[in-house]
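For the record, in the sequence shown the residue sitting at position 73 is 290 according to our numbering, with numbers rising by one throughout. Just so you know, even glycine gets a beta-carbon here, dropped at the ideal spot from N, CA and C. First comes the structure, then the notes that go with it.
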Amino acid sequence: MGEKREGPRVRYSALSTQEDVDNDREFTSKNAHHEDLRYRFELREEIPWKSIALALFLLAFGSLFLVTSHFIFTAHMGGDSSQAYGFLVLGFLLFLPGFYETRIAYYSWRGHKGYSFSRIPAY
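See the structure below:
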């Protein structure tokens, strides 16, 4: 009845001190010439021509479908509104990935910071 219940006993590690930080800096400065090969990763810089061709194809046909849906909606072309919605959906599905990868390829070709051909998947 009068028993006092204790919680679980957990051991905590000591907090780091300034001495630990100084020792760590000393260790890294001594071993700066050694590279940890586990974290080494090289990106290939070859140009993925097939992926860029696919991106241009998607961009061209997506643009064509979007323009076609616009012409059907504005009655410059014959067709039903359900056809226009189909062209609109297909146009967006083709245009968006094509524009995205074409933009990455263009900025990589121009040498903008943060863009490289390795960000485009190679097929």
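Secondary structure of residue i, DSSP reduced to three states
{"i": "histidine 293", "result": "coil"}
{"i": "serine 333", "result": "coil"}
{"i": "leucine 254", "result": "helix"}
Run of the alpha helix (DSSP H) containing residue i, from where it starts to where it stops
{"i": "glutamate 263", "result": "No alpha helix (DSSP H) contains glutamate 263, which DSSP labels as neither H nor E."}
Candidates the options, of which the one nearest residue i by Cα
{"i": "lysine 267", "options": "Tyr332, Ala322, Phe282 and Arg327", "result": "Ala322"}
{"i": "tyrosine 332", "options": "Thr291, Ala339 and Tyr324", "result": "Tyr324"}
{"i": "leucine 273", "options": "Glu318, Thr291, Glu263 and Thr234", "result": "Glu318"}
{"i": "serine 335", "options": "Phe288, Leu281, Glu262 and Phe316", "result": "Glu262"}
{"i": "phenylalanine 316", "options": "Ser280, Val227, Glu236 and Tyr340", "result": "Ser280"}
Pair within 8 Å by beta-carbon distance, residue i and residue j
{"i": "leucine 305", "j": "leucine 283", "result": "yes"}
{"i": "serine 286", "j": "alanine 270", "result": "no"}
{"i": "leucine 311", "j": "phenylalanine 278", "result": "yes"}
{"i": "proline 265", "j": "isoleucine 337", "result": "yes"}
> Which runs of the beta strand (DSSP E), 3 residues or longer, sit entirely within the segment 266–331?
Replying inline: none
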